[in-house]
Amino acid sequence: MENSRPRSVFVDIGLRELNGFRGNISPRVASSRNSQVFAVSDEDGHVSLFNSNHKFASSATHQENTGLISPPSHNARFRNWIAHNNAVFDVSWIKDDSCLLTASGDQTIKVWDVEENKCTGVLIGHTGTVKSMCSHPTNSDLLVSGSRDGCFALWDLRCKSTSHKEEFCINSTGMVKGAHLSPLSKRIGRRKAASSSITSVLYLKDEITIATAGAPDSALKFWDTRKLKVPIAQASPQSDTTNNKEKRAHGIVSLSQDSSGTFLTASCKDNRIYLYNILQLDKGPVQSFSGCRIDSFFIRTMISLDGEHILSGSSDGNAYIWQVNKPHVDPTVLKGHDKEVTAVDWSQSEIGKVVTASDDFTVIKTFHHMFGTTVEHRDQPLLKPNSIYF
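For the sequence shown, the working numbering begins at -9 and goes up steadily by one.
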């Protein structure tokens, strides 16, 4: 029988083919294709679940709409709980929507049984805010996380070491420290934790490669999970002739990938979103998109599952949608928020449905049809939202 052991895409980089990818791989948010539910987290540790098919009654009070008192059956928000006693910076569905992962400023990741509404595991080991996480494309027991401590870590939810009450503590199975520190910075020592922060991580669709991005510069690094000593590839939008000072000025804010694993987006503090072909990293970005404003490291960018559109938040209070095959065409502008739009996501079950969340304490569900837009409803969460996921 032919050996079917997965290989890194970079082993076959010269082939420029997709032979290394598995078919029908789940997208970055590991939710059911039929799910209408999305999760929203906020800066005070709350997580809320919404049914995107339900609208808010215009005559209802805010407390009734959010389910704080006598929640009616048609409520869009149907569940809310305190997941952490600190801000929740990332949330992700796993195990066919039965579990939710929450990453927090308390330096932990928690595993939640959504049906039972209880925490079943706490991932410990980071020494800074956990900024990003991503589950394995086919095995939701495996995930990678990135932290403000400059480390990224690998986890296996089956490796439970100690228990406290009904919560199991889980230690990482591997960790890389100072993943985005320059050799000079490593010799000097970490004087500023934020300067070495890992801002975004992805588990690529070849099942063994991880992409990481950081605050120090616009470099993408790619790692083989079987040998984490050094990155196996790097990519950057700037050429080698670019001034080093300019390279350091623009960190990467957010990474995303399409469902096939062909394309990867990297939103940068230079107010551009770069599109990479994962099999042509040596050529740099194949396209770049502009129009949004990226002033902070809280703004998320998401490529659609089919790889045809890119959705991004912006510091100017709008969200933007670009057509991937028309990078020079002005993006569609989704208006409705009053402050920085930080969290965005595409629906996996309905083409054209997106959700955005903002520092103005609102969540908006929007449909876009042929780049016309219709706002379906606007909700005011309890606190400022940090992340949002279908």
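Backbone N, C-alpha and C fix where the C-beta goes; we use that ideal spot for every residue, glycine too.
Fill in: Endpoints, the beta strand (DSSP E) within which G241 is located
Looking at the DSSP string, G241 is not in any beta strand (DSSP E), and its letter there is neither H nor E.
Cβ atoms of S250 and V30: under 9 angstroms apart, would you say?
no
* Asked: Do C159 and V112 have their CB atoms nearer than 9 angstroms?
  -> yes
For D350, name the three-state secondary structure that DSSP assigns.
coil
Which residues bound the beta strand (DSSP E) around D335?
331 to 336
- [ ] Return yes when the Cβ of I268 is within less than 9 angstroms of the Cβ of T252, no when it is not.
- [x] yes
- Thinking C-alpha only, which one of R138, I84, G95, T117 is nearest W102? I84
**Assigned exposure category for K389 - 16 Cβ within 10 Å defines buried** = Nothing can be reported for residue 389: it is not among the residues displayed for the chain, which extend from -9 to 380.
| Any idea if K121 is buried or exposed, counting beta-carbon neighbours within 10 angstroms, 16 or more meaning buried? | buried
**OP:** Go through its chain and collect everything with a Cβ distance to L133's Cβ below 6 angstroms, but skip five positions before and after it.
**Re:** M123, S125, W145
A77 versus D32, S280, W312, residue with shortest Cα-Cα distance:
D32
Review point. What first and last residue would you give for the beta strand (DSSP E) that runs through C159?
Key: 157 to 161
DSSP three-state call for L269: helix, strand or coil?
coil
Sequence-distant residues of the same chain with beta carbon closer than 7 angstroms to I72, five excluded per side
G35, H36
> From K273 to L265, what distance separates their C-alpha atoms?
Replying inline: 11 angstroms
- Query: Mapping DSSP to helix, strand and coil, what is S186?
  - Reply: helix
Using beta carbons (cut-off 9 angstroms, strictly below), is L271 in contact with chain C?
Chain labels in this structure do not include chain C; a single protein chain is all it has.
- Query: By the 10 Å Cβ neighbour count, where 16 or more other Cβ atoms means buried, how is D86 classified, buried or exposed?
  - Reply: exposed
task = Check whether the Cβ atoms of I242 and S190 sit closer than 9 angstroms, and answer yes or no.
result = yes
field: Continuous beta strand (DSSP E) stretch holding G111: start and end
entry: 108 to 114
Could you check which residue in E197, G118, T98, L218 has the C-alpha nearest to that of N161? T98
Which residue from Y193, E330, S151, G118 puts its Cα closest to that of D139? G118
My assumption, with CB atoms under 8 angstroms, is that S38 sits in contact with N70. Please give the rounded CB distance. 4 angstroms
Exercise for the section: Using the Cα positions of R216 and C141, report the straight-line distance between them to the nearest angstrom. Expected result: 17 angstroms
* Look at the Cβ atom of T202, then the Cβ atom of G136, and state whether they are nearer than 9 angstroms. => yes
Leaving out five residues on either side along the sequence, give the residues of the same chain with a beta carbon under 8 angstroms from the beta carbon of N14.
-> Residue confidence is low: N14 scores 29 on pLDDT, short of 50, so the model does not pin down where it sits. Its coordinate-derived value is still stated next. Cβ neighbours of N14 beyond the five flanking positions: none.
Taking the straight line between their C-alpha atoms, what separation do you get for L271 and K195? 15 angstroms
Query raised in the report: Closest to A205 by CA distance: which of C282, Q277, S280, I289 is it?
Result: I289
With DSSP run on the structure shown, which of helix, strand or coil describes T56?
-> Note on T56: pLDDT 46, under 50, position unreliable in the model; no value is reported.
Notebook entry, point to check: Grouping DSSP H, G and I as helix and E and B as strand, with all else coil, what is I222?
Noted result: coil
Item checked: For L144, three-class secondary structure by DSSP -> strand
Next on the checklist: Alpha carbons only, please: which of V166, S278, H240, T163 is nearest the one belonging to K316?
Outcome noted: S278
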